[in-house]
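Per full-length UniProt numbering, residue 1 is the first one in the sequence shown, and the count goes up by one each step.
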Amino acid sequence: MYRIMIDDLRALAIFAETVRLKSFRQAARALGLSPSVVSYHVTQLEQRVGTALLYRSTRKLSLTSDGEQLYRHASAMLEVARQGISEVVAGGDDLSGQLRLTLPSFLATAPISTSLARFARQFPNLAMQIRYTDVRQDVVGEGIDLAIRAGSLPDNSLRARKIGEIERRLVCTPQYLNDRTSPAGPEALVDWDWILLEMLPAKRMLVHPDGTTFQLQCEGRLRVDSVEAMTHFCRQGLGLCTPPAYMVNADLSSNQLVEIMLPWRVQPIPLYAVWPGNELMNRNTRHLVDFLVSSEPV
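Shown next as structure tokens:
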């Protein structure tokens with residue numbers, strides 16, 4: 001069986017355009033090539049198939065019987081290619097197939113997960129496999145279409161787009177605060193008890209509305225590997241922590257926790273969508289990233 005090569009496909013496309021326009025010169029103009037290049041590819045194609053495809057004269061081109069047969073197949077090939085490309089380009093409103101995601105586990109109850117639910121409802125023909133884990137996944141090795149990463153991005157082999165920020169709150173229990181002298185400034189918090197996350201640096205950057213910043217080097221009384229555990233121990237009165245705002249909004253409303261050092265705020269954590277750096281985003285991934293960027297803040 002004849003083995004199709006990439007050059008053959010290119011030559012077939014040039015041959016079909018030459019026949020359609022009945023001119024090497026017209027085909028060259030339509031394809032953005034020189035007439036000599038068009039003629040070369042047609043000649044190479046004839047040599048590959050071992051027969052003449054065109055009758056050439058100074059006035060016109062006409063097909064041989066073999067040329068007519070090959071032209072029908074070449075035209076059909078191009079039409080299938082055009083249709084396939086058109087379906088991919090125009091198919092954005094009808095996503096299908098599968099989308100594999102990974103997110104940090106603490107985002108399971110975050111607004112971004114609500115956004116994922118809305119995206120899933122909007123595209124019912126799209127299957128989504130969502131993995132919540134604090135173990136950083138190998139995006140390329142595990143065939144993951146998109147990973148949501150919080151904080152810095154040390155792996156520059158991946159492409160990334162910022163999709164939002166995680167607002168944080170500096171909180172403790174009212175009793176813990178009452179047992180201590182009210183801090184006059186951020187520097188006073190250095191000696192307080194901190195509940196820290198193992199996966200994040202012990203430093204905390206506080207930002208004032210006037211633009212002033214202060215970096216705290218925190219000493220952790222407790223170090224845990226879960227945001228949920230960090231917040232739980234804070235609720236038990238064991239110290240300060242800086243959980244995501246969405247996780248403690250109800251606690252602040254009920255006065256189970258209080259926010260301290262206002263109007264200073266903890267610097268938000270940037271949130272990124274990342275995907276393999278050597279690949280173009282597929283349509284499903286691109287739509288999801290655009291959707292998350294336009295969704296409500298994390």
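Ideal Cβ placement from N, Cα and C applies to all residues, glycine included.
Smallest Cα separation from residue i: which of the options?
{"i": "Leu189", "options": "Gln137, Met230 and Val266", "result": "Val266"}
{"i": "Pro268", "options": "Thr242, Asp251 and Phe291", "result": "Thr242"}
{"i": "Leu271", "options": "Arg29, Ser75, Gln44 and Arg149", "result": "Arg149"}
{"i": "Gly185", "options": "Gln175, Leu206, Cys172 and Glu165", "result": "Leu206"}
{"i": "Val49", "options": "Met77, Phe15 and Pro209", "result": "Phe15"}
{"i": "Phe106", "options": "Leu197, Pro209 and Met5", "result": "Leu197"}
{"i": "Gln44", "options": "Asp8, Pro35 and Tyr55", "result": "Asp8"}
{"i": "Lys60", "options": "Asn125, Lys22 and Val248", "result": "Lys22"}
{"i": "residue 300", "options": "Pro35, Arg235, Pro124 and Gly32", "result": "As shown, the chain starts at 1 and ends at 298. That puts residue 300 outside it, with no answer to give."}
{"i": "Leu53", "options": "Ser36, Gly141 and Thr18", "result": "Thr18"}
{"i": "Gly164", "options": "Arg10, Phe291 and Leu78", "result": "Phe291"}
{"i": "residue 375", "options": "Gln26, Arg29 and Arg10", "result": "The chain is shown from 1 up to 298; residue 375 falls before or after that span and cannot be answered."}
{"i": "Ser62", "options": "Tyr246, Phe233 and Arg20", "result": "Arg20"}
Do residue j and residue i have their beta-carbon atoms positioned less than 8 angstroms apart in this structure?
{"i": "Arg180", "j": "Asp145", "result": "no"}
{"i": "Val274", "j": "Ala160", "result": "yes"}
{"i": "Met230", "j": "Leu170", "result": "no"}
{"i": "Arg167", "j": "Trp194", "result": "With the sequence shown as reference, residue 167 is identified as Glu, and Arg is not the correct amino acid for it. No, the pair does not count as a contact, with Cβ atoms beyond the cut-off."}
{"i": "Gly239", "j": "Leu222", "result": "yes"}
{"i": "Leu158", "j": "Val139", "result": "yes"}
{"i": "Ala27", "j": "Ser34", "result": "no"}
For the beta strand (DSSP E) that contains residue i, what are its first and last residues?
{"i": "Gln217", "result": "Thr213 to Gln217"}
{"i": "Ser34", "result": "Premise fails: Ser34 is in no beta strand (DSSP E) and is neither H nor E."}
{"i": "Gln175", "result": "Where Gln175 is concerned, there is no enclosing beta strand (DSSP E), although the alpha helix (DSSP H) it sits in stretches over Pro174 to Asn178."}
{"i": "Val207", "result": "Lys203 to Val207"}
{"i": "Ile130", "result": "Leu126 to Tyr132"}
{"i": "Pro270", "result": "Ile269 to Pro276"}
{"i": "Gly97", "result": "Gly97 to Leu103"}
{"i": "Ile166", "result": "Leu158 to Ile166"}
{"i": "Gly220", "result": "Gly220 to Val224"}
Between residue i and residue j, what straight-line distance do the alpha-carbon atoms span, to the nearest angstrom?
{"i": "Lys162", "j": "Leu288", "result": "13 angstroms"}
{"i": "Gly151", "j": "Leu103", "result": "12 angstroms"}
{"i": "Gln256", "j": "Glu228", "result": "16 angstroms"}
{"i": "Gly277", "j": "Met128", "result": "22 angstroms"}
{"i": "Gly237", "j": "Met199", "result": "22 angstroms"}
{"i": "Tyr71", "j": "Ala13", "result": "10 angstroms"}
{"i": "residue 370", "j": "Thr64", "result": "Any property of residue 370 remains undetermined from this structure, which presents the chain solely from 1 to 298."}
{"i": "Pro174", "j": "Trp264", "result": "18 angstroms"}
{"i": "Leu252", "j": "Asn178", "result": "16 angstroms"}
{"i": "Thr213", "j": "Arg204", "result": "10 angstroms"}
{"i": "Leu216", "j": "Glu187", "result": "7 angstroms"}
{"i": "Val224", "j": "Ala110", "result": "20 angstroms"}
{"i": "Ala108", "j": "His41", "result": "57 angstroms"}
{"i": "His208", "j": "Pro183", "result": "15 angstroms"}
{"i": "Leu126", "j": "Ala120", "result": "7 angstroms"}
{"i": "Thr51", "j": "Gln83", "result": "30 angstroms"}
{"i": "His73", "j": "Ile6", "result": "16 angstroms"}
{"i": "Pro124", "j": "Asn282", "result": "18 angstroms"}
{"i": "Arg25", "j": "Gln47", "result": "21 angstroms"}
{"i": "Val37", "j": "Asp94", "result": "40 angstroms"}
{"i": "Glu142", "j": "Arg131", "result": "12 angstroms"}
{"i": "Gln122", "j": "Tyr55", "result": "56 angstroms"}
{"i": "Gln137", "j": "Ala147", "result": "8 angstroms"}
{"i": "Arg286", "j": "Arg118", "result": "16 angstroms"}
{"i": "Ala250", "j": "Pro244", "result": "12 angstroms"}
{"i": "residue 299", "j": "Ser254", "result": "The question about residue 299 has no answer, for the chain in this structure spans 1 to 298."}
{"i": "Cys31", "j": "Leu78", "result": "This sequence places Leu at residue 31; Cys is not what is there. When rounded, the distance between both Cα atoms is 14 angstroms."}
{"i": "Trp192", "j": "Phe233", "result": "15 angstroms"}
{"i": "Ser39", "j": "Thr133", "result": "58 angstroms"}
{"i": "Pro154", "j": "Tyr246", "result": "26 angstroms"}
{"i": "Thr58", "j": "Gln69", "result": "24 angstroms"}
{"i": "Ser226", "j": "Ile85", "result": "45 angstroms"}
Just confirm the distance between the C-beta atoms of residue i and residue j, as a whole number of angstroms; I'd bet it's less than 8 angstroms.
{"i": "Asn284", "j": "Gly67", "result": "Between Gly67 and Asn284 the Cβ distance is about 42 angstroms, and since that is not below 8 angstroms, they are no contact."}
{"i": "Ser295", "j": "Ser115", "result": "4 angstroms"}
{"i": "residue 299", "j": "Cys172", "result": "An answer regarding residue 299 cannot be provided, because it is not within the stretch 1 to 298 covered by the chain."}
Please report the residue range of the alpha helix (DSSP H) in which residue i lies.
{"i": "Ile112", "result": "Pro111 to Gln122"}
{"i": "Ile148", "result": "Taken as a continuous stretch (DSSP letters only), Ile148 belongs to no alpha helix (DSSP H), being part of the beta strand (DSSP E) at Leu146 to Ala150."}
{"i": "Gly283", "result": "A small fix is needed here, since residue 283 is Arg in this sequence, not Gly. That run of the alpha helix (DSSP H) goes Arg283 to Val293."}
{"i": "Thr231", "result": "Val227 to Arg235"}
{"i": "Ser23", "result": "No alpha helix (DSSP H) contains Ser23, which DSSP labels as neither H nor E."}
{"i": "Ala250", "result": "Ala245 to Ser253"}
Nearer than 7 angstroms: is that true of the beta carbon of residue i relative to any heavy atom of the ligand SAH?
{"i": "Ile163", "result": "For the ligand SAH, the structure offers nothing, since it holds no ligand at all."}
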